[in-house]
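Peer 1:
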Amino acid sequence: ILYSQDRRLLGDPKSIPGAAVVTGQLDIKGTLDLAIRLHPGVDKVFVISGASRFDRLLEGIAREEFRSFENQVRFQYLSGLPMHELTRYVSLLPEDSVVFYLSVLRDGNGKAFKSPEALTLISKHASVPIYSVSETYIDSGIVGGRLISHLAHGAMVGRVALRILAGEEPTDLGLPEESTSRYIFHARELKRWGILEKNLPPGSDVRYRDYSVWETHRWQI
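Residues 18 to 238, numbered by my numbering, are exactly what the sequence shown covers, in order.
1. Residue 161 and residue 130 look like a contact to me (Cβ under 8 Å); what is the Cβ gap, rounded to whole Å?
2. Please state if the CB of residue 125 and the CB of residue 171 are separated by a distance shorter than 9 Å.
3. Assign residue 145 to one of two classes, buried (16 or more other C-beta atoms within 10 Å of its C-beta) or exposed (fewer than that).
4. Given a threshold of 16 other Cβ atoms within 10 Å of its Cβ, counted over all protein chains shown, does residue 111 qualify as buried or as exposed?
5. Select from 60, 103, 45 the residue whose C-alpha is nearest the C-alpha of residue 77.
6. So, using beta-carbon positions, are residue 113 and residue 64 closer together than 9 Å?
7. Report the start-end ranges of each beta strand (DSSP E) in the region 75-104 that is 3 residues or longer and not cut off at the edges.
8. Under the DSSP definition of a beta bridge, which residues are partnered with residue 164?
9. What does DSSP give as the partner residues of residue 129 in its beta bridges?
10. Just to confirm before moving on: does the CB-CB distance between residue 199 and residue 222 stay below 9 Å?
11. To which residues does DSSP link residue 65 through a beta bridge?
12. If you draw a straight line from the alpha carbon of residue 88 to that of residue 109, how long is it in whole angstroms?
13. Identify which residue in 163, 185, 158, 230 has its Cα closest to the Cα of residue 207.
14. By how many angstroms is the C-alpha of residue 61 removed from the C-alpha of residue 217?
15. Here's the rule I'm using: 16 or more other beta-carbon atoms within 10 Å means buried, otherwise exposed. How should residue 48 be labelled?
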C-alpha cells in the first residue's frame, strides 16, 4: 500500500508496480477560508516553508491553491530562511495578518528539523495566529484549521488492507481520493488569540481544554 496525505505529493505511483495508492487531499483552501472568517480584518498572509525538496513541493501546491484568494488578502512567502531569521521575522508581523505554516524539514542554513519541532520554535515567537493543514501540528502552536485527520487516514488505509487480504488485487481496487480533513482546534491557542468557540464551524473538535473541578464534577458539587 502506497500512502500519501495528498496525491500531488507523490511521484509517479506507477513506478511501484502492484501498489495500491491510498491518498487524501490537503484542504489548504478550507483552512485559509476559515482563518479569514475568524479574523475579518486580516489583510496579509505570511506563508512559511522550508528549503527541503518536500518543503518546496508543498509550497508549490499551496501557491496554486492560494491564487483564488489573491483578491482578498496579500501573500508573502517566508521560504527557505534560516531559523534564527524566521523566528525574528514572525515576532514582528503586523496585527492585520496571520501565518500559514506548511512545513520546515530543512532551513536556509541546511539544518534539518522535524517539522512539528520547527513549528514549536516559530510559534513561541509569533506575534499573530498560526494555521496549518495537518493534525500533526495541533500541539505545536497552531490555532487549528481544516486538518488532515490521522484517525480517518488510518481507517481508510485499514479498509484497503482488508480488501487486499480478502483477495482483491491492489491495482484493481479503483480507489478514489477521499477527504479526511476535519475542523480541529487547540483550546489554549483559541484563548490566546481571543477566538470564541461559538464562532467555530459546527462539529469542530476542540482539544486540550483546561477543565476546572466545577466543570468536571458539576453534578457531584
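Ideal Cβ positions, reconstructed from N, Cα and C, are used throughout, including at glycine.
Peer 2: Inspection of the coordinates gives the following:
1. Going by Cβ atoms, the distance from residue 161 to residue 130 rounds to 22 Å, so no, they are not a contact pair.
2. no
3. buried
4. exposed
5. 45
6. no
7. 91-96
8. 199
9. 123
10. yes
11. 95, 118
12. 24 Å
13. 158
14. 21 Å
15. buried
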